[in-house]
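Structure, as structure tokens:
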Amino acid sequence: TDMDFLELLNKRLDYIKAYNSERHYMDHIYHGRRWLEQWQGLKCKEIPTAMIESYLIKRANQTSPYTANKELRCLRALFNFAMQPPRSWISENPTRGIRFLPVEKRIKYVPPKEDILRVIMAADLDTQDYLWTIVLTMGRVSEINRMTWQDVNFNERYVILYTRKKSGGHLTPRKIPMPDKLHQVLSR
Numbered sequence: 094t095d096m097d098f099l100e101l102l103n104k105r106l107d108y109i110k111a112y113n114s115e116r117h118y119m120d121h122i123y124h125g126r127r128w129l130e131q132w133q134g135l136k137c138k139e140i141p142t143a144m145i146e147s148y149l150i151k152r153a154n155q156t157s158p159y160t161a162n163k164e165l166r167c168l169r170a171l172f173n174f175a176m177q178p179p180r181s182w183i184s185e186n187p188t189r190g191i192r193f194l195p196v197e198k199r200i201k202y203v204p205p206k207e208d209i210l211r212v213i214m215a216a217d218l219d220t221q222d223y224l225w226t227i228v229l230t231m232g233r234v235s236e237i238n239r240m241t242w243q244d245v246n247f248n249e250r251y252v253i254l255y256t257r258k259k260s261g262g263h264l265t266p267r268k269i270p271m272p273d274k275l276h277q278v279l280s281r
């Protein structure tokens with residue numbers, strides 16, 4: 094069991110396009126172009142673990158270990174995809190056994206409430222409304238950008254936000270209460 098690396102990549106991209114978000118798909122296209130520079134014309138069996146590990150170390154030196162680890166996760170998913178039944182296109186995953194590169198983890202900066210309020214007050218009115226919506230719903234930017242008027246219920250005072258942060262990439266709704274300030278912002 095074996096297949097061309099390019100054919101596997103195209104099948105995986107088709108799968109991601111159907112089952113995941115546009116952003117996830119675009120990330121994989123970006124990685125795929127870089128991988129094709131290395132392995133186009135090769136069969137999957139012709140790409141040994143050492144070749145992938147060498148590529149990842151080079152990427153870590155060019156950009157960062159964080160980027161190399163992200164590519165390792167994507168490559169691992171690519172080869173696992175080819176091994177899962179009913180596909181079983183390849184017999185082994187060449188990324189198996191490759192360890193993630195060490196990264197420096199830092200505490201994420203969380204601005205104090207006063208700084209957030211200063212940023213909001215410095216913005217124009219439309220941007221203030223947008224920022225207040227993010228703050229008052231505690232929604233992700235992508236959730237706020239996806240929100241439509243159908244997701245706003247003024248009578249029962251709630252908004253519905255949708256996320257893809259669930260297994261399978263399904264668009265999952267969640268109901269968020271609408272405080273007075275958010276009601277004013279959305280009414281305006």
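Under the working numbering, the first residue of the sequence shown carries the number 94, and numbering increases by one thereafter. C-beta atoms are modelled at their ideal positions from N, C-alpha and C, and glycine is treated no differently.
Out of the options, point me to the one whose CA is closest to residue i's CA.
i    : options                : result
V228 : T188, F193, A153, L275 : L275
R257 : V212, G232, Q177       : G232
M271 : D120, R281, K136, V245 : V245
I145 : N238, Q221, L165, E197 : L165
L149 : A215, L101, R169, Q133 : R169
D208 : K198, F172, L224, I183 : L224
K268 : V278, Y251, L279       : Y251
L106 : C167, F247, G134, R239 : C167
D222 : S280, A161, K163       : S280
Y112 : Q277, L264, D273       : L264
R180 : P266, E197, K104       : K104
P205 : W128, I213, M240       : I213
R199 : D273, Y159, K138       : Y159
K138 : W128, W182, P266, S147 : W182
L218 : S147, P266, Q277       : Q277
I191 : Y202, R127, S147       : S147
P266 : N248, E249, M240       : M240
I140 : E249, V203, T226, E185 : E185
T226 : D273, N248, Y202       : D273
With 16 as the cutoff for other CB atoms within 10 Å, does residue i come out buried or exposed?
i    : result
A153 : buried
E130 : exposed
W242 : exposed
E115 : exposed
T156 : exposed
T282 : With the chain covering 94 to 281 only, the question about residue 282 has no answer from this structure.
T230 : buried
V234 : exposed
A215 : exposed
Looking at residue i: is its Cβ nearer than 7 Å to the Cβ of residue j?
i    : j    : result
E236 : L210 : no
R195 : T142 : Before going further, note that residue 195 is Pro rather than Arg in the sequence given. For P195 and T142, no; Cβs fall outside 7 Å.
W132 : F172 : no
Report back the beta-carbon spacing between residue i and residue j to the nearest angstrom; my notes put them in contact at under 8 Å.
i    : j    : result
Y118 : I109 : 5 Å
K151 : M96  : Incorrect: roughly 25 Å between the Cβ atoms, too far for contact.
G125 : L102 : 5 Å
F193 : N238 : So it is not a contact: roughly 31 Å between Cβ atoms.
Could you please give me the residues that DSSP links to residue i through a beta bridge?
i    : result
D97  : K136
K268 : I253
V245 : V252
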